[in-house]
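Peer 1: Quick note: the sequence shown uses this note's numbering, first residue -4, plus one each step. For glycine and all other residues, C-beta sits at the position ideal for the given N, C-alpha and C.
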Amino acid sequence: MQRRHLLAAAAATLAGALPARAQAWPARPIRMIVPFPAGTSPDLIARMVSEPLGAALGQSIVIENRPGAGGNIGTGLAAKAAPDGYTFLFTIQGPLVTAPMLNKNLPYDPVRDLAPVTLVATSPNVLVVDPRLGADTLDDFVRIARARPGQLNYGSVGNGSASHLAMELFKTRAGIDLVHVPYQGFPAVINAILAGQVQAGFMVPGLAMGQVRAGKLKALGVTTLGRSSALPEIPTLAELGYPGFEAISWQAVLAPAGTPKPIIDRVATELVRIIKSDEVRTKMIGQYFSAAGTAPQALAHLMRSERENWSRVIRAAGVQPE
């Protein structure tokens, strides 16, 4: 009888300790894997929100840059990490949306292996052309391209990249024939336009707008449905005669699948508050991003819709997985 009482007391003590241990999270620093190099826009935005997130959680957030394979290496590391609330992923849409369609041996499944936390920020792509082409408007560019089928080139940052697929989508909508020339990075695309090797391309605004304002590139439109808060002066392709045209860049936070829901909800709540603060919104506009901040379910919905949309473009463009 005495032994039973002792066992019951021990069980009660353990049961009482479990909630306390669960509530102790986070008990140590949290790592945020960014699958791109330091100084890139995902790294800059990740650091922008991680410092106040750490302050809110009472633990430091350690940024761990793990670049390679277009973000797939770092994303795979995060996907396979222990789901204990001490590893999160800050990434762009490529490793989550198009990578499974473009890689035969991707070491992770973004649906199975990752849990959405929040959409952090969105950014348009900017359609830029060589001013020497003589296209002052989007209509001018389409007219010139239709008059010279297969004679104009456009640059992208690689086969299956967002800059490639956005132009393939626009080619279909506009009924034009342009030749795709892939490069290693947007600076190389800009240099190719300046050298007259290619005549157009969809670019990230953080790299393109300096050249646009210097008069070396001409911006014809952006790819958000409504005008971007970061670039309100540039019209959208949707308002220029291509209704529904959208090809945004976005950044999000996810966790390894199986991370406890209370932890995901806590991080999402804190991040949404931080993202929607005036200070962070202003900083994001300075990087040509619009602040988002969504519930986990909204990010999951975005990922599903993006996969459906871009799978159609990939099939139509005949892009083959490597």
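1. Kindly identify the DSSP beta-bridge partner or partners of Arg26.
2. Whole angstroms is fine: what's the gap from Ala157's alpha carbon to Ser244's?
3. Quick check on Arg16: does DSSP put it in helix, strand or coil?
4. Using a threshold of 8 Å, state whether the C-beta atoms of Asp108 and Ala295 are closer than that.
5. Please confirm whether Phe31 and Pro24 have their CB atoms less than 8 Å apart.
6. Between the alpha carbons of Val123 and Arg143, how many angstroms are there, rounded?
7. Check this for me: beta carbons of Trp259 and Val137, under 8 Å apart or not?
8. Taking the alpha-carbon positions, what's the Ala214 to Tyr81 distance?
9. Looking at Met198: is its Cβ nearer than 8 Å to the Cβ of Val121?
10. In this structure, how does DSSP classify Gln282 when only helix, strand and coil are distinguished?
11. In this structure, what does DSSP give as the bridge partners for Ser118?
12. Rounded to whole angstroms, what's the CA-CA distance from Gln282 to Gly210? Just pull it up for me.
13. Among the candidates Val29, Val176, Asp131, His175, whose CA atom is the shortest distance from the CA of Gly71?
14. By Cβ distance below 6 Å, which residues in the same chain neighbour Arg16 in space, the five residues on each side in sequence not counted?
15. Could you check how far apart the C-beta atoms of Thr117 and Ser285 are, in whole angstroms? I think they sit under 8 Å.
16. Let me know if Gln146 comes out buried or exposed under the rule of 16 or more other beta-carbons within 10 Å of its beta-carbon.
17. Give every residue of the same chain whose Cβ lies closer than 7 Å to the Cβ of Gly66, excluding the five residues on either side of it in the sequence, and list them in chain order.
18. Curious, which full-length beta strand (DSSP E) runs of at least 3 residues does the stretch 101 to 169 contain?
19. Just verifying my parser: in three-state terms, what is the DSSP assignment at Val314?
20. Using only the alpha-carbon positions, how far apart do Gln192 and Leu266 sit?
21. Take the Cβ of Val57 as the centre, count every other Cβ of all protein chains shown within 10 Å, and call the residue buried at 16 or more, exposed below.
22. Mapping DSSP to helix, strand and coil, what is Arg299?
23. Between the C-alpha atoms of Val308 and Glu274, what's the straight-line distance to the nearest angstrom?
24. Nearest CA to the CA of Arg208: which residue from Leu97, Leu226, Arg222, Leu114?
25. Return the Cβ separation of Val321 and Asn148 in integer angstroms, given the expectation that the two are a contact with Cβ distance under 8 Å.
26. Please tell me whether Lys99 and Pro316 are closer than 8 Å, where the distance is taken between their beta carbons.
27. For the stretch 192 to 233, list the alpha helix (DSSP H) runs that are entirely contained and at least 4 residues long, ordered along the chain.
28. Can you have a look at Leu125 and say buried or exposed, based on whether 16 or more other CB atoms are within 10 angstroms of its CB?
29. Rounded C-beta distance between Val184 and Val152? I'm assuming under 8 Å.
30. The beta strand (DSSP E) spanning Pro177 covers which residue range?
31. Return the CA-CA distance between Gly319 and Arg61, expressed in angstroms with no decimal places.
Peer 2: Walking through what the data contain:
1. Here the question's residue 26 lines up with position 31 in the sequence shown. Its beta-bridge partners are Val57, Thr82.
2. Here the question's residue 157 lines up with position 162 in the sequence shown. Here the question's residue 244 lines up with position 249 in the sequence shown. Roughly 8 Å between the two C-alpha positions.
3. In the sequence shown, counting from the first residue as 1, residue 16 sits at position 21. Reliability fails at Arg16, whose pLDDT of 45 lies under 50, so the model's placement of it is uncertain and no value is given.
4. Against the sequence shown, residue 108 aligns to sequence position 113. Against the sequence shown, residue 295 aligns to sequence position 300. No, the pair does not count as a contact, with Cβ atoms beyond the cut-off.
5. Mapped onto the sequence shown, residue 31 falls at position 36. Mapped onto the sequence shown, residue 24 falls at position 29. Cβ distance not < 8 Å, so Phe31 and Pro24 don't count as in contact.
6. For this step, residue 123 is matched to residue 128 along the sequence shown. For this step, residue 143 is matched to residue 148 along the sequence shown. Each residue's Cα considered, the two are about 18 Å apart.
7. As a position in the sequence shown, residue 259 is number 264, starting the count at 1. As a position in the sequence shown, residue 137 is number 142, starting the count at 1. The displayed chain sequence assigns Ile, not Trp, to residue 259. No.
8. The residue you call residue 214 lines up with position 219 of the sequence shown. The residue you call residue 81 lines up with position 86 of the sequence shown. Put simply, the backbone Cα of Ala214 is about 42 Å away from that of Tyr81.
9. Looking up residue 198 in the sequence shown gives position 203. Looking up residue 121 in the sequence shown gives position 126. Met198 is a Cβ neighbour of Val121, given a cutoff of 8 Å.
10. Translated into positions along the sequence shown, residue 282 becomes position 287. In this structure, Gln282 counts as coil in the three-state DSSP scheme.
11. Reading the sequence shown from its first residue, position 123 is the one you call residue 118. Looking at the DSSP assignment, Ser118 forms a beta bridge with Ser244.
12. Indexing the sequence shown from 1 puts residue 282 at position 287. Indexing the sequence shown from 1 puts residue 210 at position 215. Near 20 Å, if we compare the C-alpha coordinates of Gly210 and Gln282.
13. Indexing the sequence shown from 1 puts residue 71 at position 76. The candidate whose alpha carbon is nearest that of Gly71 is Val29.
14. The count along the sequence shown starts at 1 and reaches residue 16 at position 21. Annotation note: pLDDT 45 at Arg16 (below 50); position unreliable, coordinate value reported separately. Contacts found: none.
15. Within the sequence shown, the letter at position 122 stands for residue 117. Within the sequence shown, the letter at position 290 stands for residue 285. At roughly 5 Å, the Cβ-Cβ gap stays under 8 Å, so Thr117 and Ser285 are in contact.
16. If you number the sequence shown from 1, residue 146 lands on position 151. Counting Cβ neighbours within 10 Å, Gln146 comes out exposed, since fewer than 16 surround it.
17. Start at 1 with the first residue of the sequence shown, and residue 66 comes out as number 71. The beta carbon of Gly66 is closer than 7 Å to those of Pro30, Phe31, Thr86, Ile87, Gly89, Pro90 in its chain, skipping five residues each way along the sequence.
18. Listed in chain order, the beta strand (DSSP E) runs fully inside the stretch 101 to 169 are 109 to 118, 121 to 124, 147 to 151, counting runs of at least 3 residues.
19. The residue given as residue 314 occupies position 319 in the sequence shown. Val314 falls in the coil class under three-state DSSP.
20. The sequence position of residue 192 within the sequence shown is 197, counting from 1. The sequence position of residue 266 within the sequence shown is 271, counting from 1. Here the alpha carbons of Leu266 and Gln192 stand approximately 43 Å from one another.
21. Counted from its first residue, the sequence shown places residue 57 at position 62. When all chains shown are included, Val57 counts as exposed.
22. Along the sequence shown, one-based indexing puts residue 299 at 304. DSSP places Arg299 in the helix class (H, G or I) of the three-state scheme.
23. Numbered from 1 along the sequence shown, position 313 holds the residue referred to as residue 308. Numbered from 1 along the sequence shown, position 279 holds the residue referred to as residue 274. Val308 and Glu274: Cα-Cα distance of roughly 37 Å.
24. Position 213 of the sequence shown holds residue 208. Of Leu97, Leu226, Arg222, Leu114, the residue nearest in Cα terms is Leu226.
25. The chain is shown from -4 up to 317; residue 321 falls before or after that span and cannot be answered.
26. What you label residue 99 is simply residue 104 of the sequence shown in a count that begins at 1. What you label residue 316 is simply residue 321 of the sequence shown in a count that begins at 1. Result yes, Cβ atoms of Lys99 and Pro316 sit closer than 8 Å.
27. Counting only runs of 4 or more, we get 200 to 208.
28. Along the sequence shown, read from residue 1 onward, the residue named residue 125 stands at position 130. According to the sequence as given, residue 125 is Asp; it is not Leu. Classification of Asp125: buried, given that the 10 Å Cβ count is 16 or more.
29. What you label residue 184 is simply residue 189 of the sequence shown in a count that begins at 1. What you label residue 152 is simply residue 157 of the sequence shown in a count that begins at 1. Rounded to whole angstroms, the Cβ separation of Val184 and Val152 is 7 Å, and the two are in contact under 8 Å.
30. Stepping through the sequence shown from its first residue, residue 177 is reached at position 182. Boundaries of the beta strand (DSSP E) around Pro177: 173 to 177.
31. Lying before the first or after the last residue shown, residue 319 is absent from the chain, which here runs from -4 to 317.
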